[in-house]
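Residue numbers (our numbering): 197 to 447. The C-beta atom is built at its ideal place from N, Cα and C for all residues, glycine as well. Small disclaimer: the values here were computed from a predicted structure and weren't measured. Below is one structure, written out as structure tokens, with a few remarks after it.
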């Protein structure tokens, strides 16, 4: 599917399947300005052995227990996607306008979420309905965000109870709403290129429920809040339940 990627003249592609969206090759599958994809509650968007290759500016998606596996070729923003000018032709030859709007990257029922950006960096924004959340993996599915370039997180990454890995070659910046959270596993954040930094807003929180947190940058790490306490520890006083807290490493 190709519409062109220009932000002013490129179109929007919407892919909706009751089951799964399957990729059968290694070529770019969708070229557009904006893309929304939706799989069913038991469905997947591509798979771990064969990611869906895209070249778009803005992405939103929803997948079920099979998870979502997406590879962007050259820069990406997670944000709202709207469709307002598509015309459906009926068997009477009369065309009617089809519309819709979607936001965020979401998986449900324990579906994993793997997003790879091969160049150009990644920005994660919230939408109009969930302005402070950009990525949600509900349940136990793991999350990997792997970026070549810089990473700007302006809305929350909620990993459910799964493990979260956020890797970039370039600098990572977390805004006031750019929290990262898992209720049952670990958080691993790395910026690997020479002189790359990780900068958290003073109010940004990386939070687990007793899971370990590791933050690695080639240069400076500016810390907001790194909270590896258990849920019991957070509701108690002082060092309540400290034996069940996770460890924090800043390297």
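(message) Relative to the C-alpha of residue 386, which candidate in 445, 273 and 269 has its C-alpha closest?
(response) Minimum Cα distance to residue 386 is reached at 445.
(message) Once the 5 residues before and after residue 236 are set aside, which same chain residues still bring their CB inside 6 Å of it?
(response) 214, 215 and 260.
(message) Please return the same chain residues whose Cβ sits closer than 6 Å to the Cβ of residue 341, not counting the five positions on each side in sequence.
(response) Around residue 341, the same chain offers 311 and 362 as residues with beta carbons nearer than 6 Å, after the five sequence neighbours per side are excluded.
(request) Use the C-beta contact count for residue 183: other C-beta atoms within 10 angstroms, 16 or more gives buried, fewer gives exposed. (result) In the structure as shown, the chain begins at 197 and stops at 447. Residue 183 is therefore absent and cannot be evaluated.
(request) Check whether the region 343-361 touches the region 370-385, counting contact only when three or more Cβ pairs, one atom from each stretch, lie closer than 8 Å. (result) At 8 Å Cβ cutoff, the stretches touch.
(request) State the Cα-Cα distance for the pair residue 301 and residue 330, rounded to the nearest angstrom. (result) Using only the alpha carbons, I get a separation of about 6 Å.
(request) Decide if residue 294 is buried, meaning its Cβ has at least 16 other Cβ atoms within 10 Å, or exposed. (result) When all chains shown are included, residue 294 counts as exposed.
(message) Quick test of your reading: residue 277 and residue 298, contact by CB under 8 Å. State the CB separation rounded to the nearest angstrom.
(response) With a Cβ gap of about 5 Å, residue 277 and residue 298 count as contacting.
(request) Would you check if the distance between the CB atom of residue 367 and the CB atom of residue 333 is smaller than 7 Å? (result) No.
(message) By alpha-carbon positions, which one of 393, 365, 398 and 391 ends up nearest to residue 375?
(response) Shortest Cα-Cα distance from residue 375 to any of 393, 365, 398 and 391 involves 398.
(message) Let's see if you can read the secondary structure: which residues bound the beta strand (DSSP E) around residue 345?
(response) For residue 345, no beta strand (DSSP E) run applies, since DSSP gives it neither H nor E.
(message) Using the Cβ count rule (16 or more neighbours within 10 Å means buried), how would you classify residue 438?
(response) Of the residues assessed, residue 438 falls on the exposed side of the cut-off, its CB having fewer than 16 other CB atoms within 10 angstroms.
(request) Leaving out five residues on either side along the sequence, give the residues of the same chain with a beta carbon under 6 Å from the beta carbon of residue 447. (result) Contacts found: 412.
(request) Just confirm the distance between the C-beta atoms of residue 242 and residue 210, as a whole number of angstroms; I'd bet it's less than 8 Å. (result) Contact between residue 242 and residue 210 is absent: CB atoms are separated by about 16 Å, not below the 8 Å threshold.
(request) Go through the region 262-290 residue by residue and report every complete run of the beta strand (DSSP E) that reaches 3 residues or more, in order. (result) If you keep only unbroken beta strand (DSSP E) runs of at least 3 residues inside the region 262-290, you get 263-268, 272-274 and 277-285.
(request) For the alpha helix (DSSP H) holding residue 425, just list the boundary residues, first then last. (result) No alpha helix (DSSP H) holds residue 425; DSSP gives it neither H nor E.
(message) By DSSP's criteria, residue 409 is part of a beta bridge. Which residues make up the other side?
(response) Residue pairing by DSSP places residue 409 opposite 383 and 444 in a beta bridge.
(message) Rounding to the nearest angstrom, what Cα-Cα distance links residue 232 and residue 256 in this structure?
(response) Spanning the two alpha carbons is a distance of roughly 5 Å.
(message) Using 8 Å for Cβ pairs, my map puts residue 318 next to residue 343. What's the rounded Cβ distance?
(response) The Cβ separation is near 5 Å, so the contact holds.
(request) Given a cut-off of 7 Å, decide if residue 441 and residue 425 are closer than it, judged by their beta-carbon atoms. (result) Yes, Cβ-Cβ distance for residue 425 and residue 441 is below 7 Å.
(request) Starting from the Cα of residue 335, find the closest Cα among 360, 314, 322 and 326 and give me that residue. (result) Looking only at 360, 314, 322 and 326, the smallest Cα-Cα distance to residue 335 is reached by 360.
(request) Please classify residue 324: is it buried, with 16 or more other beta-carbons within 10 angstroms of its beta-carbon, or exposed? (result) Burial call: exposed.
(request) Please check the pair residue 345 and residue 326, which I expect to be a contact at CB under 8 Å, by giving their CB distance rounded to whole angstroms. (result) Contact between residue 345 and residue 326 does not hold, since their C-beta atoms are separated by about 25 Å, which reaches or exceeds 8 Å.
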